[in-house]
Each structure stands twice: as structure tokens, then as C-alpha cells.
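Chemist: Sending over a structure as C-alpha cells; questions will come in a sec.
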Amino acid sequence: MSLHELSDEQREIRDLAKRFADDEIAPYASAWDREHRFPKPVFEALGELGLMGACVPEQHGGAGVDFLSYILVLEELSRADAGVGVTVAVHTSAGTLPILAHGTPEQIDRLVPPLAQGHELAAFALTESGSGSDAGAMRTRATENKLSGTKQWITNGSHAHTFLAFALDPDKPSAFVVRRGAPGFSVTREEEKLGLNSSSTADLAFDETPGEPLGPRGGGMRIALSTLDGGRIGIAAQAVGIAQAALEVATAYAKERHAFGRPIGGFGAIQQKLADMQTEIEAARALTWRAARLKQHGHPHTVEGAQAKLYASRVARHWTGEAIQVLGGYGYTKEFPAERYYRDAKVTEIYEGTSEIQRLVIARALLGEAARES
Ligand SMILES: Cc1cc2nc3c(=O)[nH]c(=O)nc-3n(C[C@H](O)[C@H](O)[C@H](O)COP(=O)(O)OP(=O)(O)OC[C@H]3O[C@@H](n4cnc5c(N)ncnc54)[C@H](O)[C@@H]3O)c2cc1C
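With our numbering applied, the sequence shown corresponds to residues -9 to 364, in that order.
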């Protein structure tokens, strides 16, 4: 990556996020991970900086910067703490932007400003215990705009105020906005996870819970898929941020750790690992920026977003493991953050569409009808 590829405004917002991440997030991330603590004050502070609605237009309470700038923010936050990264990514890409894209002017005026200013958090509730990749198999139903059913693993679930929820209406999914505290709404469980311990992943239940339709009736799947098209670019940025953090810790360690009378960075095996790691991270970043630029110019970006997420998540999973290898036994301990990066990286291959689903998206675009299973 060369910062020369960025505009002055993009560099400024990246620097703002980097400073905040270095000062207010990175020093505490290990403790939040250990204590499974959702760092609420961080999101209030990010709201004050305009980073909870970075790419939301100013007239709706956001900072009004372009989509690539928002992607740069996500990379910097995720470099410090991937849990903070996913909280902001889901809040913005999967919660706030679909309301902007599909809401009526009245819904946008009422719902978006508190989200964009960081006074409220948003969530995206699609997955259920029996439906993940196969989202169309959902069982939550809507009858006269009242939702009944359950949703599983909803990021921000325990803290969000506004939920974008999907339900069969009557036999095709529609999108609804459900507000926390609505009758029959409950958060039933906070999930225990391998990583991302500073983020909330919760199960929800709706019992004849009033929802406000978003977009056309029966148009929920289109809203969900187009939301995920953009959201995946954010997850790719999250993966790049985690991998970058792993590169930084491995590089610093290679300069300081001595073996056989010299720094381990003097060994060819370590040099080649770090050189390949940096090169692949740059390639992942380039794919991510390309998809972000296409989206911000209103061009199709489904395949490019899938490619960015597929590649960046693999880079993050693979190279966080190799960063542990560079640190040797210390890498396996909690004394260094490499093991946290490794645990956090894995999920980028799973949520907002697994790697297998990204390959399906890419292959279908390549092969057309020939890729359809009969
Ligand atoms: C930490 C975390 C946070 C999450 N946050 C949210 C959230 O905010 N909102 C939300 O709605 N969901 C969320 N999810 C759910 C997530 O999006 C799903 O886990 C994901 O889409 C995969 O669905 P699944 O887990 O049911 O796996 P399944 O769909 O059951 O897949 C199992 C395996 O089968 C493979 N597979 C499935 N179908 C195919 C196919 N057609 N071709 C090839 N392989 C296939 C998959 O790739 C995978 O390897 C979250 C999950 C986690 C772990």
C-alpha cells in the first residue's frame, strides 16, 4: 500500500482513526479480550469523532466521507482490536447503510442520525439456528408486521437499539426495523466465542414483536444480499487490519529476539516469512481498496467484494498463524497479542458469507448458467 494513492481527506481520516486506535484501543485490547468486555465508551468516543457514521452524508448526521475512507477506518480499528472493528462494521455497513439505501425519507430522518452520531448502535439479524448460508430457509415469520421467531449470533445483539431483521412475509422474506424494547423482543443469550471477545454476539427472540417494514414487501432477500455485498468489503478490511497487526508484532520481535548470537531476523527463514507476509497483505489491501472504490462510484462490486473477502480472510488466517511461529513459544502465550490475532482472524472466513460462498459468487459470475446446480 502506498499512502500516496490516497487523497488528502482519505489520509486525514485514516490518521485520525490510527491515532485513536493506537492511544485508546490497542493498549486495552488484551484486557477486553481476557475479560470479554464490550468497550462501550470507545463507541461513544468514536461517535464524537464522527467515526460511527463515517460514510453517512453530513445531512443525516454522519461525517460525509467516501466509502474508501470508511474502509481505512475499519482497517485501523481492527488492527488494534478486531472486536471493535466488527462492532463498527456491522453497525455501519449492515445496520445504518441499508436504512439509508432502502428507507423512506421519513425513516431515514428518524432512524439514521442517532446511529450515525454514535448515540445508538445498529445490528443485522438474518441468521437463525437452522439457516446461515441458506438464508432463504429462515423460519421467523411476519404477520401484519408482527415478527415471531428467533435469530442467532447477531453482532451487537446485546447493545443495539435498531435491528434490521428479516422474516417470511408470508412466504418471501421482507426486511423490518425492530427497536430494542419493543413488545415481545428479548435478547436470550450472549455467545461464547473463540475470539472477538470484545464484541457482542447474541441470540434474539421475537414474540409478535412489531416491526416497521423497510423497502418493498417480499424484497428482503434483495436487501440482505446487497447489504452483504458492501459489508464484505468491510470484513476484508477487518482481515487486512488483523494481518497487519500480526506483521507488526512479528517484525518487531524478529529485530529483538536473539538466537545463536544474532537477531532471528538475520535468518533467511524468518526474512522470507516476513517478506511473503507483507506482500500478501498488500495484495489483500489492494483488492479491498479496489472493491471499495467500485462501490463508492456506484459500479457493480459483488464479485470484487467477494474476491477481497475471500483473499484477505485467507491471508489473515494463514499469516496470523505464521506470526505465532516467528515468536516461537512466546507467540503461543498471552504475553504477546499474536495468539489473539490468530483467534480473531478465523471468523473472517465465516461471517458475512463463508469462503465457500464467496467462491460460489465468483464462480457463478464466471460460469453463468453452467455453475447452477440442477
Ligand atoms: C462471531 C459471529 C458473528 C456473526 N454475526 C452475524 C450477524 O450480525 N448477523 C447475522 O445475521 N449473522 C451473523 N453471523 C452468522 C454468520 O453470518 C453465519 O455463521 C455464516 O453465514 C455461515 O452460516 P452457518 O454458520 O449457518 O454455516 P452453514 O451455512 O451451515 O455452513 C456450514 C459449512 O457448509 C458450507 N456450505 C454451506 N452452503 C454451501 C454451499 N452452497 N456450497 C458450498 N459450501 C457450503 C459452509 O461454507 C460451511 O463451511 C455471525 C457469526 C459469527 C460466528
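We put the CB at the ideal spot given by N, CA and C, even for glycine.
Would you decide whether L36 is buried or exposed? Buried here means 16 or more other CB atoms lie within 10 Å of its CB.
Modeler: buried
Chemist: Compare the Cα-Cα distances from G231 to each of R169, S303, Y322 and report the closest residue.
Modeler: S303
Chemist: Contact check, L90 vs R333 under 8 Å by CB: the rounded distance?
Modeler: Incorrect: roughly 33 Å between the Cβ atoms, too far for contact.
Chemist: Closer than 6 Å by C-beta to H92: which residues in its own chain qualify, once you throw out the five before and the five after it? Chain order, please.
Modeler: Hits under 6 Å: L204, G205, I213.
Chemist: Kindly indicate which residue of E66, P17, D23, F257 has the alpha-carbon position closest to the one of L41.
Modeler: Considering only alpha carbons, the answer is E66.
Chemist: Is the closest heavy atom of ligand 1 to the C-beta of T117 under 6 Å?
Modeler: yes
Chemist: What does the alpha-carbon distance come out to for the pair E180 and N146?
Modeler: 10 Å
Chemist: Could you give the residue range of the beta strand (DSSP E) that holds K136?
Modeler: 136 to 145
Chemist: In whole angstroms, what is the alpha-carbon distance linking A44 and R207?
Modeler: 30 Å
Chemist: Quick one: what's D193 bridged to in DSSP?
Modeler: R179
Chemist: Can you give me the Cβ contacts of Q297 inside the same chain, cut-off strictly under 7 Å, excluding the 5 residues immediately before and after it?
Modeler: Cβ neighbours of Q297 beyond the five flanking positions: L277, I352.
Chemist: Buried or exposed for T117, please, with buried defined as at least 16 other CB atoms from any protein chain shown within 10 angstroms of its CB.
Modeler: buried
Chemist: Quick check: what's the CA-CA separation for P327 versus G295?
Modeler: 28 Å
Chemist: For Y331, verify whether its CB is less than 6 Å away from any heavy atom of ligand 1.
Modeler: Outside the cutoff, so no.
Chemist: Do L(-7) and A282 come within 7 Å of each other at the CB atom, strictly closer than that value?
Modeler: no
Chemist: Per DSSP, what are the beta-bridge partners of S164 in this structure?
Modeler: A157
Chemist: Are L215 and E342 close, meaning C-beta to C-beta below 7 Å?
Modeler: no
Chemist: From what residue to what residue does the alpha helix (DSSP H) around A361 run?
Modeler: Per DSSP, A361 belongs to no alpha helix (DSSP H) and is neither H nor E.
Chemist: Please check the pair A19 and S148, which I expect to be a contact at CB under 8 Å, by giving their CB distance rounded to whole angstroms.
Modeler: Not quite, the Cβ-Cβ distance comes to about 19 Å (not below 8 Å), so this is no contact.
Chemist: Taking only heavy atoms of ligand 1 into account, decide whether any of them is closer than 6 Å to the Cβ of I213.
Modeler: no
Chemist: Could you tell me which whole alpha helix (DSSP H) segments of length 4 or greater appear in the stretch 65 to 153?
Modeler: The stretch 65 to 153 contains these whole alpha helix (DSSP H) runs: 72 to 79, 87 to 92, 95 to 106.
Chemist: Quick one: what's got a C-beta closer than 6 Å to A306's C-beta in the same chain, skipping five residues either side?
Modeler: Cβ within range, chain order: A229, I232, A233, A335, T338.
Chemist: Taking one C-beta from the stretch 153 to 163 and one from the stretch 82 to 89 each time, how about it: are there three or more such pairs within less than 8 Å?
Modeler: The answer is yes - the stretch 82 to 89 touches the stretch 153 to 163, with three or more Cβ pairs under 8 Å.
Chemist: So, using beta-carbon positions, are P104 and E96 closer together than 7 Å?
Modeler: no
Chemist: Examine ligand 1 and report whether any of its heavy atoms sits within less than 6 Å of the Cβ of G75.
Modeler: Ligand 1 never approaches G75 closely enough for any of its heavy atoms to be under 6 Å from the residue's Cβ.
Chemist: Using only alpha-carbon positions, find the residue among E182, G122, A125 that is nearest to H26.
Modeler: E182
Chemist: Considering only heavy atoms of ligand 1, does any lie closer than 6 Å to the CB of S123?
Modeler: yes
Chemist: Would you say the beta carbon of T338 is closer than 6 Å to some non-hydrogen atom of ligand 1?
Modeler: no
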